[in-house]
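Peer 1:
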Amino acid sequence: MYKRLFPVLAILIALALVLSACGGTTTGEVKTVVETVIVEVEVPVEVEVEAAPAPAVEGILTRVLERGYVVCGGRTDLAGFGMLDADGHNLGFDIDFCRAVAAAVFGDPEAVEVVPLTAADRGPALQTAEVDILSRNVTWTASRDAQWGNFTNVMFYDGQGFMIRKDSGITSTDEFDGATVCVTSGTTTEQNLSDFFRQNGMEYEAVIFEETPAVYSAYEDGRCDITTSDKSQLASVRSGFADPEAHIILDITISKEPLTPAVPHGDDAWFDIVKLVSFALINAEELGVTQANVEDMKSSENINVLRLLGVEGDWGYTDLGLTPDALANAIAAVGNYGEIYDRYMGPQGISFTLPRGPNNLWNEGGLIYAPPVK
Amino acid sequence: MASQKTDTTAIPFYRDERILKIIAQIVSTVVIFGFLIWAVANFLKAADARNMELSFGFLKEAAGFPISNPPIEYEAGMTYGRAFVVGLMNTLLISGVGVVAATIIGTLVALARLSSNWLLSRMALVFIEFHRNIPLLVLLFIWYFVVFSFVPPVKESLVWPGPTFINKRGVYITWPRLTEAGSTFLILSIIGIIAAVIVFIILRRRRKYTGKNTYYMPISIVLVLIFCVSGWFLSGGSPFQLDIPFLKGFNYQGGLRLTPEFSGMFLSLSLYTAAFIAEVVRGGIQAVNKGQIEAARAVGLNQLQVLSLVVMPQALRIIIPPMISQYLNLTKNSSLALAIGFQEVFAIGKITINQAGRAVPVFGLIMITYLSLSLLTSFILNIYNRRIQFVVR
Numbered sequence: 001m002y003k004r005l006f007p008v009l010a011i012l013i014a015l016a017l018v019l020s021a022c023g024g025t026t027t028g029e030v031k032t033v034v035e036t037v038i039v040e041v042e043v044p045v046e047v048e049v050e051a052a053p054a055p056a057v058e059g060i061l062t063r064v065l066e067r068g069y070v071v072c073g074g075r076t077d078l079a080g081f082g083m084l085d086a087d088g089h090n091l092g093f094d095i096d097f098c099r100a101v102a103a104a105v106f107g108d109p110e111a112v113e114v115v116p117l118t119a120a121d122r123g124p125a126l127q128t129a130e131v132d133i134l135s136r137n138v139t140w141t142a143s144r145d146a147q148w149g150n151f152t153n154v155m156f157y158d159g160q161g162f163m164i165r166k167d168s169g170i171t172s173t174d175e176f177d178g179a180t181v182c183v184t185s186g187t188t189t190e191q192n193l194s195d196f197f198r199q200n201g202m203e204y205e206a207v208i209f210e211e212t213p214a215v216y217s218a219y220e221d222g223r224c225d226i227t228t229s230d231k232s233q234l235a236s237v238r239s240g241f242a243d244p245e246a247h248i249i250l251d252i253t254i255s256k257e258p259l260t261p262a263v264p265h266g267d268d269a270w271f272d273i274v275k276l277v278s279f280a281l282i283n284a285e286e287l288g289v290t291q292a293n294v295e296d297m298k299s300s301e302n303i304n305v306l307r308l309l310g311v312e313g314d315w316g317y318t319d320l321g322l323t324p325d326a327l328a329n330a331i332a333a334v335g336n337y338g339e340i341y342d343r344y345m346g347p348q349g350i351s352f353t354l355p356r357g358p359n360n361l362w363n364e365g366g367l368i369y370a371p372p373v374k
Numbered sequence: 375m376a377s378q379k380t381d382t383t384a385i386p387f388y389r390d391e392r393i394l395k396i397i398a399q400i401v402s403t404v405v406i407f408g409f410l411i412w413a414v415a416n417f418l419k420a421a422d423a424r425n426m427e428l429s430f431g432f433l434k435e436a437a438g439f440p441i442s443n444p445p446i447e448y449e450a451g452m453t454y455g456r457a458f459v460v461g462l463m464n465t466l467l468i469s470g471v472g473v474v475a476a477t478i479i480g481t482l483v484a485l486a487r488l489s490s491n492w493l494l495s496r497m498a499l500v501f502i503e504f505h506r507n508i509p510l511l512v513l514l515f516i517w518y519f520v521v522f523s524f525v526p527p528v529k530e531s532l533v534w535p536g537p538t539f540i541n542k543r544g545v546y547i548t549w550p551r552l553t554e555a556g557s558t559f560l561i562l563s564i565i566g567i568i569a570a571v572i573v574f575i576i577l578r579r580r581r582k583y584t585g586k587n588t589y590y591m592p593i594s595i596v597l598v599l600i601f602c603v604s605g606w607f608l609s610g611g612s613p614f615q616l617d618i619p620f621l622k623g624f625n626y627q628g629g630l631r632l633t634p635e636f637s638g639m640f641l642s643l644s645l646y647t648a649a650f651i652a653e654v655v656r657g658g659i660q661a662v663n664k665g666q667i668e669a670a671r672a673v674g675l676n677q678l679q680v681l682s683l684v685v686m687p688q689a690l691r692i693i694i695p696p697m698i699s700q701y702l703n704l705t706k707n708s709s710l711a712l713a714i715g716f717q718e719v720f721a722i723g724k725i726t727i728n729q730a731g732r733a734v735p736v737f738g739l740i741m742i743t744y745l746s747l748s749l750l751t752s753f754i755l756n757i758y759n760r761r762i763q764f765v766v767r
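In the order they appear, the protein sequences are chains H and G.
One point on numbering: in the working numbering, the residue at position 85 of the first sequence is 85, and numbering is uninterrupted.
Remember, the working numbering sits 374 above the position in the second sequence when you count from 1.
1) Is there a C-beta anywhere in chain H that falls below 8 Å from the one on residue 425(G)?
2) Give every residue of the same chain whose Cβ lies closer than 6 Å to the Cβ of residue 457(G), excluding the five residues on either side of it in the sequence, and list them in chain order.
3) Going by the CB atoms, is the gap between residue 117(H) and residue 144(H) shorter than 8 Å?
4) Hey, is residue 120(H)'s beta-carbon within less than 8 Å of any beta-carbon in chain G?
5) Please classify residue 371(H) as buried or exposed, where buried requires at least 16 other C-beta atoms within 10 Å of its C-beta.
6) Going by Cα to Cα distance, which pick from 577(G), 482(G), 586(G), 566(G) is closest to residue 604(G)?
7) Which residues in the same chain have their Cβ closer than 6 Å to the Cβ of residue 311(H), if we skip the five residues on either side of it in sequence?
8) Quick one: does residue 124(H) have its CB under 8 Å from some CB of chain G?
9) For a minimum of 4 consecutive residues, which ranges assigned as the alpha helix (DSSP H) are wholly contained in the stretch 421-497 of chain G?
10) Is there contact here, the stretch 279-286 of chain H with the stretch 351-369 of chain H, by at least three beta-carbon pairs under 8 Å?
11) What's the gap between the Cα of residue 725(G) and the Cα of residue 452(G)?
12) Using a beta-carbon distance below 8 Å, is residue 728(G) in contact with chain H?
13) Does any C-beta atom of chain H lie closer than 8 Å to the C-beta of residue 768(G)?
14) Output yes if chain G places a C-beta closer than 8 Å to the C-beta of residue 247(H); else output no.
15) By Cβ distance below 8 Å, which residues in the same chain neighbour residue 448(G) in space, the five residues on each side in sequence not counted?
16) Evaluate residue 540(G) with the Cβ neighbour count: other Cβ atoms within 10 Å of its Cβ, from every protein chain shown; 16 or more gives buried, anything less gives exposed.
17) Short of 6 Å in beta carbon distance, which residues of its chain neighbour residue 373(H), apart from the five on each side in sequence? Order them along the chain.
18) Would you kindly work out how many angstroms separate the C-alpha atoms of residue 744(G) and residue 332(H), rounded to a whole number?
19) Is residue 113(H) closer than 8 Å to residue 71(H) when the C-beta atoms are compared?
20) Could you spell out the range, first to last residue, of the beta strand (DSSP E) harbouring residue 257(H)?
21) CB residue 549(G) to CB residue 629(G), shorter than 8 Å?
22) With 8 Å as the threshold, decide whether the Cβ of residue 519(G) is near any Cβ in chain H.
23) Measure from the C-beta of residue 201(H) to each C-beta in chain G and report whether the shortest distance is under 8 Å.
24) Measuring only between beta-carbons, confirm whether residue 464(G) sits less than 8 Å from chain H.
25) On the CB-based measure, 16 or more other CB atoms within 10 Å of its CB, does residue 326(H) come out buried or exposed?
26) For residue 484(G), which residues in the same chain have their Cβ closer than 6 Å to its Cβ, ignoring the five residues on either side in sequence?
27) Would you kindly work out how many angstroms separate the C-alpha atoms of residue 60(H) and residue 135(H), rounded to a whole number?
28) What three-state label does DSSP hand residue 553(G) in the structure shown?
29) Note down, in chain order, all residues in the stretch 620-632 of chain G with a beta-carbon under 7 Å from any beta-carbon belonging to chain H.
30) Please name the residue, chosen from 729(G), 730(G), 739(G), 734(G), that lies closest to residue 719(G) on a Cα-to-Cα basis.
31) What does residue 443(G) reach in chain H if we use C-beta pairs closer than 8 Å?
32) For residue 669(G) and residue 443(G), I'd like the C-alpha separation in whole angstroms.
33) Below 8 Å on the Cβ atoms is my contact criterion, and I expect residue 734(G) with residue 428(G) to pass it. Report the Cβ-Cβ distance as a whole number of Å.
34) Do residue 159(H) and residue 251(H) have their C-beta atoms within less than 8 Å of each other?
35) What would DSSP say about residue 264(H), mapped onto helix, strand or coil?
36) Measure how close the beta-carbons of residue 511(G) and residue 710(G) come, nearest whole angstrom, since I'm counting them as under 8 Å.
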C-alpha cells in the first residue's frame with residue numbers, strides 16, 4: 001500500500017513545488033529545471049494581476065461600460081428620496097438622478113441597479129468603489145470628501161431640524177433640557193445633535209439606531225420626545241405617520257446639510273460625467289427644457305438649448321466618450337431638476353409637499369446654480 | 375542530515391518516507407505562508423490604491439457622536455478610544471448578566487422538562503422549541519418593538535411594588551444606594567467575606583487530612599456576620615439609603631434604571647440562550663446511567679441528595695464543554711444589539727467606521743475584542759472543566 005502511494009505523493013509534491021514557484025533549489029533533475037522555466041514566464045503575469053487593483057479603482061467608467069449598467073448606492077426606505085412603488089420599482093429624487101446618469105451613458109434609464117445602503121454602510125461602500133454613484137441624501141462634508149470619494153454637485157440644500165409631538169406643549173428648543181432624542185447612527189445628524197446640546201448646555205438622552213425606520217418607529221411609539229434629522233427627511237417621515245397632524249417640525253434649523261451625490265475617488269472621467277448630468281438637469285430647468293418638450297427643443301432658436309441638447313457645438317462629449325445627445329437622453333428620461341423635485345415633493349408630489357425654498361433656481365431666489373453646459 | 379541516511383540505505387530520496395515527510399512539511403509551510411504574504415501584500419496594495427489610512431492614530435481624535443446611557447462617563451467631546459471602551463463595557467455588561475440569567479433559566483427549564491409533571495414538562499418543551507426555532511433578531515424585534523409598544527408612556531407609568539415604575543423610557547427600580555458613611559460597611563463586609571473564604575479553605579483542608587470535624591461552615595458564616603455587623607454600627611447604622619425614582623421634567627430620575635434597549639436585549643438574549651442551555655443540561659442529566667440513580671436511592675439518599683451528590687457531578691462533566699460554546703455564542707450574539715439601539719462594541723465600531731472613515735482598523739479592533747473575550751471565557755471555563763473531569767489514575 002505505502003510503496004504504491006509514494007510515487008503518487010512524489011509527483012504531487014513536485015507539482016506543488018513547481019506551483020509554489022520557489023524554484024527547485026534542492027533538486028538537480030533536468031525535468032524540474034524545464035518546468036521552472038515555465039514558471040518564470042508565469043511570474044510577470046502574476047505581478048501584473050497583483051498590480052491590477054489600482055487601475056480597477058481608476059477605471060470606473062470602463063467598468064460601468066463593460067457591465068452595461070450603473071450600480072447606484074441608494075435607499076428604499078425614505079419616501080420622496082429613495083423608495084419602492086407597488087411593483088418593486090425603485091424611484092425617488094435620489095434614484096432619478098442615477099437614472100439620469102444611466103440614460104446619459106447608455107440611453108436607457110433602466111440600466112441601473114439600486115443597492116440599498118444604511119447610513120453606516122454607505123461610506124465604506126463608496127470608499128471601496130462597490131457602487132458607481134452614491135445618491136442617498138448624503139451630506140457633503142470636508143472629511144467625507146477626503147475619505148469617502150468625490151462629491152459632485154449639491155442637488156438638495158437641506159438643514160437639520162427637530163420633530164416633536166404637538167401635545168408635548170414644547171414650542172422652542174429652549175425647553176429641550178432632559179429630553180430623549182431618537183437619531184440615526186453614522187450620520188452628520190448625530191454629531192450636530194450632540195454639538196447642539198453641548199453648546200446650549202443642555203442634557204439629553206440619545207437613542208440611536210442604525211436603520212432609519214427603527215428610529216421613527218421608536219419615536220412614533222413614544223420611546224423619544226424628539227427626533228431629529230434633515231428637515232426634508234422629517235417631512236417625508238411625518239407624511240407616513242398614522243396621524244401626521246399630531247407631530248410638528250420646529251422652525252429652527254441647526255445645520256447646513258448639502259445633499260450631494262458622490263462617486264468613488266480615482267476616475268476623473270466618471271466624476272465629470274456624473275457632475276455634468278446634474279448640471280444638465282439644472283440648466284434644462286433654467287432654459288425651459290422639459291421631459292415632454294425635449295425633442296421639440298432640439299429645433300429651438302435658443303443657442304444655449306441647442307448646445308445643451310448636443311445639436312450644436314461640443315459640450316465635451318467627444319472627450320468623455322459619450323454621444324452628443326447624452327444629456328438630452330437624461331432629460332428625456334427623468335425630466336429637468338424642477339420636474340424631478342415636483343414629482344416627489346412638489347404641490348402634487350406623490351410623496352409629500354415641501355416648499356422648494358433654497359432649492360429654487362438661483363434666478364428665482366434659491367441656491368440651485370450650475371455652470372453653463374457648452 | 376536526513377540525506378546521510380539515503381546514502382547508507384541507497385534508497386532514492388523520492389522514495390524515502392522521512393525525506394518526503396520533510397519536503398511535505400516545507401511545501402505546505404511555503405504554500406500557506408506564501409498565500410498569507412500574498413493576501414496581506416494584496417490587501418496593503420489595494421488599501422494604498424484607495425488611499426485608505428490604516429493606522430490607529432484616529433482613536434485619539436474626538437468622537438463627536440453621542441452614546442445612549444453610557445455605563446462609564448462619556449461625552450461627545452471624548453475620543454474614539456473612549457467611545458470604544460464604553461462599547462466594550464456594554465458588551466461585557468450584557469454578556470455577563472446574560473450568561474448568569476441564561477444559565478439559571480436554562481437549568482430550571484431543563485429540570486421542568488425532565489419533571490414527571492405532564493403540564494410542567496410540556497410548558498418547558500414549548501418554551502424550548504419556541505426560542506430555539508426563531509432567529510434571535512426576530513426575538514429582539516418582538517421584545518423591543520412589539521412587547522414594549524404596549525408599555526404606557528411616562529405620565530401613565532405602571533407602578534409595581536417597590537415602588538417600581540415601568541414606562542416607555544424603561545424600568546425604574548427603587549434601589550439601595552450606598553451613603554457616604556456606607557463605604558466603611560462595604561469595605562468591612564468585603565474583608566469579612568475574603569477572610570471567611572480563606573478560613574473556609576484552610577479548615578476544610580485540615581478536615582480532609584485529619585478527618586476531624588473542624589466546623590468550617592459555621593465558623594465562616596460567623597466570621598462574615600461579625601464583620602458585617604461591626605461595619606453596620608461603625609457606619610452609623612444606616613449604610614444604605616433607598617433611592618426612589620421620581621418624575622422630573624420629561625422623565626423619571628433616580629433609582630436603578632433599565633433602558634428598554636438593555637431590557638429588550640437582556641430578555642431576548644438570555645431567553646434564547648436559555649433554550650439551548652436547557653437542552654444541554656437535559657442531555658447531560660439524561661446521560662447519567664439510570665443504575666447510578668437507582669443505586670443512590672437504594673443506599674437511602676433522598677431526592678435532593680441524589681441530584682446533588684450523584685447526578686449533577688456526573689452530568690456536569692458532559693454539560694460543561696457544550697455550555698462553554700453557548701456562553702461564547704451569547705457573547706457574540708450580543709452584537710445584534712445594534713438593531714435595537716443598544717450600543718455595545720459592534721454598534722460603536724460601526725458608528726466609528728462611518729464617522730472616522732477607518733473601516734479596516736476598526737474591524738480589526740472589533741475582531742480582536744471578540745477573539746480575546748472568547749479565548750478568555752473558554753480559558754477560564756476550561757480550567758474548571760479540567761478540574762471536574764474524571765481523574766484517571
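Don't be surprised by glycine CBs; every beta carbon is placed ideally from N, CA and C.
Given the structure is predicted, the values throughout are model-derived calculations rather than measurements.
Peer 2: Put simply:
1) Locating residue 425(G) in the second sequence gives position 51, counting from the first residue. Yes - at least one Cβ of chain H is within 8 Å of the one on residue 425(G).
2) By 1-based counting over the second sequence, the position of residue 457(G) is 83. Correct list, in chain order: 437, 722.
3) Within the first sequence, the letter at position 144 stands for residue 144(H). Within the first sequence, the letter at position 117 stands for residue 117(H). No, they are not a contact pair.
4) One-based indexing of the first sequence puts residue 120(H) at position 120. So, interface residue.
5) Sequence index remark: in the first sequence, residue 371(H) carries index 371 (1-based). It is exposed - the Cβ of residue 371(H) has fewer than 16 other Cβ atoms within 10 Å.
6) Position 230 of the second sequence holds residue 604(G). If we check each option's Cα against that of residue 604(G), 566(G) comes out closest.
7) Along the first sequence, read from residue 1 onward, the residue named residue 311(H) stands at position 311. Answer for residue 311(H): 298, listed in chain order.
8) Looking up residue 124(H) in the first sequence gives position 124. Output row for residue 124(H): interface = yes.
9) 454-488
10) yes
11) Start at 1 with the first residue of the second sequence, and residue 725(G) comes out as number 351. Start at 1 with the first residue of the second sequence, and residue 452(G) comes out as number 78. Those two C-alpha atoms are separated by around 15 Å.
12) One-based indexing of the second sequence puts residue 728(G) at position 354. Yes - at least one Cβ of chain H is within 8 Å of the one on residue 728(G).
13) Outside the shown range of chain G (375 to 767) lies residue 768(G), about which nothing can therefore be said.
14) What you label residue 247(H) is simply residue 247 of the first sequence in a count that begins at 1. No, because no Cβ of chain G sits closer than 8 Å to the Cβ of residue 247(H).
15) The count along the second sequence starts at 1 and reaches residue 448(G) at position 74. Here the set comprises 441, 456, 457, 460.
16) Along the second sequence, one-based indexing puts residue 540(G) at 166. Buried, since its Cβ has 16 or more Cβ neighbours within 10 Å.
17) Translated into the one-based positions of the first sequence, residue 373(H) becomes position 373. Hits under 6 Å: 279, 280, 283, 308, 315.
18) Along the second sequence, one-based indexing puts residue 744(G) at 370. Along the first sequence, one-based indexing puts residue 332(H) at 332. Their backbone Cα atoms lie some 53 Å apart in a straight line.
19) Within the first sequence, the letter at position 71 stands for residue 71(H). Within the first sequence, the letter at position 113 stands for residue 113(H). Yes, the Cβ-Cβ distance between residue 71(H) and residue 113(H) is below 8 Å.
20) Counting from 1 along the first sequence, the entry for residue 257(H) is found at position 257. It spans 257-259 - the beta strand (DSSP E) in which residue 257(H) sits, taken as one unbroken run.
21) Counting from 1 along the second sequence, the entry for residue 549(G) is found at position 175. Counting from 1 along the second sequence, the entry for residue 629(G) is found at position 255. Yes, the pair counts as a contact, with Cβ atoms nearer than the cut-off.
22) In the second sequence, counting from the first residue as 1, residue 519(G) sits at position 145. Chain H, which has a Cβ nearer than 8 Å to the Cβ of residue 519(G), makes this yes.
23) The residue given as residue 201(H) occupies position 201 in the first sequence. No, no contact with chain G.
24) Position 90 of the second sequence, counting from 1, holds the residue named residue 464(G). Taking Cβ atoms only, chain H never reaches closer than 8 Å to residue 464(G), which makes this a no.
25) Within the first sequence, numbered from 1, the residue matching residue 326(H) stands at position 326. So residue 326(H) counts as buried.
26) Numbered from 1 along the second sequence, position 110 holds the residue referred to as residue 484(G). Within the same chain, residue 484(G) has close Cβ partners 652, 655, 656.
27) As a working mapping, residue 60(H) is identified with position 60 in the first sequence. As a working mapping, residue 135(H) is identified with position 135 in the first sequence. So the alpha carbons of these two residues sit roughly 16 Å apart.
28) As a working note, residue 553(G) is residue 179 in the second sequence. Coil.
29) 623, 624, 625
30) Working through the second sequence from its first residue, we reach residue 719(G) at position 345. For the residues 729(G), 730(G), 739(G), 734(G), the minimum Cα distance to residue 719(G) belongs to 739(G).
31) Reading the second sequence from its first residue, position 69 is the one you call residue 443(G). Within 8 Å Cβ-Cβ: 205.
32) As a position in the second sequence, residue 669(G) is number 295, starting the count at 1. As a position in the second sequence, residue 443(G) is number 69, starting the count at 1. Spanning the two alpha carbons is a distance of roughly 55 Å.
33) As a working mapping, residue 734(G) is identified with position 360 in the second sequence. As a working mapping, residue 428(G) is identified with position 54 in the second sequence. Confirmed, about 6 Å.
34) Locating residue 159(H) in the first sequence gives position 159, counting from the first residue. Locating residue 251(H) in the first sequence gives position 251, counting from the first residue. Cβ distance not < 8 Å, so residue 159(H) and residue 251(H) don't count as in contact.
35) For the purposes of this step, residue 264(H) is taken as residue 264 along the first sequence, with counting starting at 1. Strand.
36) If you number the second sequence from 1, residue 511(G) lands on position 137. If you number the second sequence from 1, residue 710(G) lands on position 336. Going by Cβ atoms, the distance from residue 511(G) to residue 710(G) rounds to 6 Å, so yes, they are a contact pair.
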